């Protein structure tokens, strides 16, 4: 998987994560998304391939949590939920990029799984961190508040 995900945003997230240990103020950069920068930074020290590995691990976690949710809902073939996820347009491009979407997907599906298991406090904690991964996390917080 050559390339960087097709956008300058991907490279910018990589550079912020790569240089955050040298310039600690980057850990608080709102555009860079602080939680993403904190978690991706060790991988970014390995170059852009490290960022791709980080996002691949995030998508693996997303895949596993998606199948866990499918089992929770007693779907007949939970593995199909994972396969459908992998078949979604753009998943591969986003996974092998420096973008924040894979970590956000992992956080979002984790919130849904925890809520389904009536584990509201951990769900609220994870949801509360989502805005530090992507701004859309604020929308998730709004929806979650409706269920509390």
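In the working numbering, the protein residues as written are 155 to 302. Think of the CB as a built atom: it goes at the ideal place given N, C-alpha and C, for glycine as much as any other residue. In this text the structure is predicted, and so the values were computed from the model without any measurement.
- Inter-segment contact for the region 198-212 and the region 264-282 is absent: fewer than three beta-carbon pairs are separated by less than 8 Å.
- In the three-state scheme derived from DSSP, where H, G and I count as helix and E and B as strand, residue 242 is classed as coil.
- Three or more Cβ pairs drawn from the region 249-269 and the region 213-220 lie within less than 8 Å of each other, which places the two stretches in contact.
- A Cβ-Cβ distance of about 5 Å is found for the pair residue 239 and residue 220, placing them in contact under the 8 Å criterion.
- It is roughly 21 Å from the alpha-carbon of residue 179 to the alpha-carbon of residue 162.
- The C-alpha of residue 282 lies about 10 Å from the C-alpha of residue 275.
- Under the three-state reduction of DSSP, residue 273 is assigned to coil, being neither helix nor strand.
- Of the residues assessed, residue 301 falls on the exposed side of the cut-off, its CB having fewer than 16 other CB atoms within 10 angstroms.
- Between the region 179-193 and the region 283-291, the count of C-beta pairs closer than 8 Å reaches three or more; the two stretches touch.
- Around the beta-carbon of residue 222, 16 or more other beta-carbon atoms lie within 10 Å, marking it buried.
- Nearest C-alpha to residue 209 among 280, 247 and 232: 247.
- Excluding its 5 nearest sequence neighbours in each direction, residue 236 has C-beta neighbours in its own chain below 7 Å: 217, 220 and 221, listed in chain order.
- Its Cα nearest to that of residue 254, the residue 191 stands out among 183, 191 and 297.
- With 16 or more other Cβ atoms from the protein chains shown falling within 10 Å of its own Cβ, residue 224 counts as buried.
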